[in-house]
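Remarks on the structure that follows.
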Amino acid sequence: MPGRRSPRARAALKRPAMCAAPRPASTFAAVMLQLSVLKEQTARVLAGLAKRHFKTAEADVQAVLDLDQRRRALQTAHDQAQAEANELARQIGGLMKSGQRAEADALKARTAELKATIKTHADELAAVEQQQNELLYKIPNIPHESVPAGRSAQDNEVVREGGTKPTLGPDAQPHWELIKQYDIIDFELGNKITGAGFPVYKGQGARLQRALINFFLDQARDAGYYEVQPPVLVNEASGYGTGQLPDKEGQMYHDAQDNLYLIPTAEVPITNLYRDEIIALDKLPIKNAGYTPCFRREAGSWGADVRGLNRLHQFDKVEIVQITQPENSYAALEQMQAHVEHLLQQLELPYRILRLCGGDMGFTSALTYDFEVWSAAQGRWLEVSSVSNFETFQANRLKCRYRAEGGKTQLLHTLNGSALALPRIVAALLENNQSAEGIRLPAVLHSYCGFGLITN
RNA sequence: AGAGAGGUGGCAGAGUGGUCGAAUGCGACGGAUUCGAAAUCCGUUAUACCGGCAACGGUAUCGGGGGUUCGAAUCCCCCCCUCUCUGCCA
28 MPGRRSPRAR AALKRPAMCA APRPASTFAA VMLQLSVLKE QTARVLAGLA KRHFKTAEAD
88 VQAVLDLDQR RRALQTAHDQ AQAEANELAR QIGGLMKSGQ RAEADALKAR TAELKATIKT
148 HADELAAVEQ QQNELLYKIP NIPHESVPAG RSAQDNEVVR EGGTKPTLGP DAQPHWELIK
208 QYDIIDFELG NKITGAGFPV YKGQGARLQR ALINFFLDQA RDAGYYEVQP PVLVNEASGY
268 GTGQLPDKEG QMYHDAQDNL YLIPTAEVPI TNLYRDEIIA LDKLPIKNAG YTPCFRREAG
328 SWGADVRGLN RLHQFDKVEI VQITQPENSY AALEQMQAHV EHLLQQLELP YRILRLCGGD
388 MGFTSALTYD FEVWSAAQGR WLEVSSVSNF ETFQANRLKC RYRAEGGKTQ LLHTLNGSAL
448 ALPRIVAALL ENNQSAEGIR LPAVLHSYCG FGLITN
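Offset between the first sequence (1-based) and our numbering: plus 27.
This is the structure we're talking about:
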């Protein structure tokens, strides 16, 4: 669920602190490829941005194109001056060797001039590139043609519904009551040792967590995903790589002392595994899965709807990531969608799959499927997974490439999805399966848990 | 955390101011040889940007940033990382 919907939150584009780990110069290179799309498919880009209701699209795109022209002119001038300076240096070297001091000094006058020109050009170039980058960082990914043209969550397209909603008795409880009744998840304790949004899982609750993680990881492995266990703290470069920085700086917990960020999703470390790599064709597609805790500050998003497990600062999630050649990425997306759907079916949860509309999609995504499960006692759908194809949007920043036929390097497509995020799954399992005897767990979990019924 | 050593192309490893994008070896790729293979021999083998239809040319990159110099992989400063020893520790 990276780059989730936050059309407003991204407004303020912050420069990173220049001290510790300045944004690598390589991002400039990455930006060029994005430019090629802007230049060659301007109409498609504008149409896509319109679908997203990106208001300043025309002006921004035009500004980028204008800056690009200036940039290229400057680059050419700069390179030429540099070439001349290099040539002079060679000549001076030759003269010095043969003892022709006076002649050498005469040439030095010209090099001084060139140096000034080069400096001017370099400064201007850096300024233009920065302006260009700031604009490009503001421009979201271009939606896939199948993305519906809506404005808000109401306009998302329901792709499919599955499972059957249970009929609960009159004394049915929401999960925040059930967890107290069975004493399996304790918010008060978490509150004491950390704060709100950091619950403590206890007894059967803790075992259920571990069971779900194992179940999800095993399912991923069976589907051909290679398991990795990445760090949960990442550096600044990784934050830029997957697009959490600079837009969502405030959403991540930040350790200022070491300038590291607690991951909001395993997408960040896992996808960054392939940053700055040229991946051999026979290694593709890359399919990785990993379990990590995830940390989100969720600043400003607390309200009546976020009771209990609906929104936490720390939660567990198994993430699946694929990196594919461009022509295969939408097939991979469908495959991932099917994988997540199969998980929900095995958990016997009523679910629906949404194709997010242009206005509701995350910044970095080209096409996103959201998965929601029915939380019977709350009477609402809860998002438990978000499966997205980012096309080259992340690969561009990551410099994640492969060598195409003919030897040219090309950007790969990156995809990821939750498979699955635990808390809301747990909420639905508790609410939907409550009974007088206790909470009946789906059969597939029994062996993982070591029990099939949560009781007092 | 303290002391020392070091970061060079896919890997190993030279290079301490002047055609060095970088010797050499390995690996990989193409070719020759072979019935085929091994061995051997010849050649190719980084990335990005700019210009060009292309061939090709130019520029930059030797951990990152800044400085000295006509000229820096080589000298100076700052930062990051790795290794060894000592300390601490799950």
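Cβ atoms here follow ideal geometry from the backbone N, Cα and C, with glycine treated the same way.
What you are looking at is a predicted structure, and each value in this text was computed from that prediction instead of being measured.
Distance from the CA of residue 78 to the CA of residue 394, rounded to the nearest whole angstrom, comes to 12 Å. Within the region 406 to 432, the complete alpha helix (DSSP H) runs of at least 4 residues fall at 420 to 425.
Residue environment for residue 124: exposed (fewer than 16 other C-beta atoms within 10 angstroms of its C-beta).
Around the C-beta of residue 359, 16 or more other C-beta atoms lie within 10 Å, and the residue is accordingly described as buried. Secondary structure note for residue 76: its alpha helix (DSSP H) is the uninterrupted segment 69 to 78.
Secondary structure at residue 259: coil, using DSSP grouped into helix, strand and coil. Here residue 398 carries a strand assignment [DSSP, helix/strand/coil]. Residue 440 and residue 429 have their C-alpha atoms roughly 10 Å apart. Contact check for residue 443 and residue 412: beta-carbon distance about 10 Å, past the 8 Å limit, so the pair fails to qualify.
The region 165 to 172 and the region 133 to 144 do not touch, with fewer than three beta-carbon pairs separated by less than 8 Å.
Inside the region 192 to 235, DSSP marks whole alpha helix (DSSP H) runs of 4 or more residues at positions 202 to 208 and 214 to 220, from first to last along the chain. For residue 440, the uninterrupted beta strand (DSSP E) run begins and ends at 440 to 448, by DSSP. A Cβ-Cβ contact shorter than 9 Å links residue 225 with residue 340.
Bounds of the alpha helix (DSSP H) holding residue 142 are 128 to 165. Beta-bridge annotation (DSSP): residue 315 is paired with 253 and 348. Fewer than three Cβ pairs drawn from the region 380 to 387 and the region 346 to 356 lie within less than 8 Å of each other, which leaves the two stretches out of contact.
Taking the C-beta atoms as reference points, residue 376 is found nearer than 9 Å to residue 401. Secondary structure at residue 335: helix, using DSSP grouped into helix, strand and coil.
Pairing residue 255 with residue 317 gives a Cβ-Cβ distance under 9 Å. Taking the Cα of residue 185 as reference, the smallest distance to any Cα among 193, 192 and 175 is reached at 175.
With respect to the 9 Å criterion, residue 242 and residue 280 are not classified as neighbours on the basis of their beta carbons. Here DSSP, grouped into helix, strand and coil, assigns residue 81 to coil.
Under the three-state reduction of DSSP, residue 437 is assigned to strand.
When secondary structure is reduced to three states using DSSP, residue 367 falls in the helix class.
Looking at the DSSP output, residue 480 sits in a beta bridge with 467. Taking residue 448 as reference, the option from 464, 473 and 345 with the minimal CA-CA separation is 345. In the three-state reduction of the DSSP assignment, residue 322 falls in the strand class.
Ranked by Cα distance from residue 338, the first of 172, 474 and 223 is 223. DSSP places residue 302 outside both helix and strand once states are collapsed to three, so it counts as coil.
Under the three-state reduction of DSSP, residue 276 is assigned to helix.
Residue pairing for residue 282: DSSP places it in a beta bridge opposite 287. Less than 9 Å divides the Cβ of residue 234 from the Cβ of residue 478. In this structure, DSSP gives residue 243 a helical state, which the three-state scheme calls helix. A Cβ-Cβ contact shorter than 9 Å links residue 481 with residue 468.
A distance below 8 Å between beta-carbons, with the five flanking residues on each side excluded, links residue 130 to the following residues of its chain, in chain order: 122. By the Cβ neighbour-count rule, residue 83 is exposed, with fewer than 16 other Cβ atoms within 10 Å of its own.
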